[in-house]
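Let me begin by presenting the structure, written as C-alpha cells, before commenting on it.
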Amino acid sequence: MKLYSLTALFSVVFRALSAVLFQNSVLAGIIISIGLLIHSRINFSLLVLAFMSACLLNNLTSTYADGISYYHLGSNMIMAAGAIGSFFLIPSVRSYLWALVSIPISFLLINGLSRLFGVYDLPIFSLPFCIVTLLFLCFFRLRISAGKLQLTILQHYSPERNLYQYLNGKERPGDLNYFNLNLPFMGVWTVSQGYDGSITHKADWGKALDFVIEDEEHQTYKYPGTRLEHFYCYNKPVLACGDGVVEEVVNHVEDNALGEVNTIENWGNSVVIKHLTGLYSKVSHLKKNSIKVKPGDFVKQGDMLGMCGNSGRSPEPHLHFQCKQRLLSAQKHWRTRLLIMSIRKISITSCAALKPRRGNATKYRNHQHYYKASL
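For reference, each letter of the sequence shown is one residue, going 2 to 376 in the numbering used here.
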C-alpha cells in the first residue's frame, strides 16, 4: 500500500511537470525534471518545495478530495513558485518565503476561477499563474525601498547566473561606490610632494599632490635648465580629472622666473571643478592665459583645461592637484575635510600617502617617498 502511494505520488509529480509543456506523460515529466536539475538546482528545489506545500495545503483544507489536478500543480503552482522565487527575484531565503506565499494565493485563485469558468464550461489553463506572477511583480515594484529582496534587473535566464551576477555586481565594482577620477595629465609624471609634505603641503593644504616630469636621471629639466621651457612639464596639457562644472578660473597671473615665488597670488592660475555636491578638484600653477574653460562650462573627464606653468607659489614648473569636499576659493584656502577617492591605477585615501598600484615604479630620495603615476 505504501509502495502504491509512493508510486502514485511520483506519478503526479512527473505528470505535473509535463503539464508545463501541456503534456500528460510521466516520461516527459522525468525528462523535464532531469533537464531542470541540470540547468538549475535552485529552480528544481523550488519545484519540490512548491509541490510539497501544495499537497500539504490540500490535506489541511480538504479542498480536493482526490488530490489537486496535476495540470493545476504544474502549470500554475509550480510555475508561480519558480517564477517568483528564482526568476523574477534574486534567489534568497526571502524569495523562497515569497514563493511559499504564492502557493495559497494560487490555490485560492485556482479554486475560485475554476468555479467561475465552470459555469461556462471553460478551462482556466495558466490564468492563475499569470495573475499571481503579475500581482507579485506589481507589489514588489511599488516598494519604496528594495531592501534585501531584489528584483532581477538584468535577466540571464538562470537563477544561479542571476544570483552570481547580482553578488558580483554588488561586491566587485568600486565604480558604483566611488566617483572615479583620473590623474589630470597624460603620460608618466612623478609626485614631487605628496600628502603632508615638508615644503608647502601642511595644515589646511596638507592633502594635495605636486607633480613634475623627470627623465631617466631624475632631472626635471633638460640642460641647461635656465628657462621655463627647459622643464619637461612646462606647457604640457592639464586635463579635467572627472566630469563636472567649472566653478572658478584664475588665468591672469604671470609665470614666475625660476627660483622666484608669488606668495600674494599663492595658487597662481587655477581651475576649480565641481564634480558632485561636496566634491571639488583643483589644478594650480598653470601657465598664464592658457586656460581654455570658463566658470559654468561643463567638462568631461580628459578635457583639456590649460597648460602646466609656473605661476603662484612655484619656484619651478609643476602641477598642483587637490580634491576637497568644500569650495571656498581658488585664491584662498580650502577647508580640509576627510575625503576618500578612487583614481584609476592610483588609490588615494584620506590622511594616507600616495600608494603605487599595479606595478607603478617607486623610488626614494633623501628619505622622502616619490612615486610615479601613469594613466
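For glycine and all other residues, C-beta sits at the position ideal for the given N, C-alpha and C. As the structure is a computational prediction, the values presented were derived from the model and not from experiment.
Check, Outcome
"CA-CA distance, Ala55 and Cys242?", "59 Å"
"For Ser107, which of Asp244, Arg95 and Cys131 has the nearest alpha-carbon?", "Cys131"
"By the three-class DSSP mapping on this structure, what secondary structure does Tyr222 have?", "strand"
"Where does Ser291 fall in DSSP's three states?", "coil"
"Curious, which full-length beta strand (DSSP E) runs of at least 3 residues does the segment 221–299 contain?", "238–240, 245–251, 270–277 and 280–287"
"With distance defined between alpha-carbon atoms, name the residue in Asp211, Glu266 and Ile31 nearest to Lys289.", "Glu266"
"CA-CA distance, Gly198 and Gly207?", "7 Å"
"Rounded to whole angstroms, what is the Cα-Cα separation between Lys1 and Met308?", "Nothing about residue 1 can be read from this structure; the chain reaches only from 2 to 376."
"Could you check which residue in Asn263, Glu261, Val273 and Ile69 has the C-alpha nearest to that of Glu249?", "Val273"
"Of the choices Val94, Phe52, Ile33 and Gly68, whose alpha-carbon is the least far from that of Ala81?", "Phe52"
"Report, in whole angstroms, the separation of the C-beta atoms of Gly83 and Leu47, which I expect to be a contact under 8 Å.", "5 Å"
"The beta strand (DSSP E) spanning Leu210 covers which residue range?", "Ala209 to Val213"
"With C-beta atoms as the reference, is Gln326 less than 8 Å away from Asp244?", "no"
"Return the CA-CA distance between Val21 and Arg162, expressed in angstroms with no decimal places.", "23 Å"
"So, with DSSP's three-state summary, where would you put Phe322?", "strand"
"Identify whether Leu90 lies in helix, strand or coil by the three-state DSSP scheme.", "strand"
"In this structure, does DSSP put Met187 in helix, strand or coil?", "coil"
"Looking at the unbroken beta strand (DSSP E) that takes in Met308, where does it start and where does it end?", "Met305 to Met308"
"When burial is assigned at 16 or more other CB atoms within 10 Å of the CB, is Gly226 buried or exposed?", "exposed"
"Using DSSP with H/G/I as helix, E/B as strand and the rest coil, what is Gln194?", "strand"
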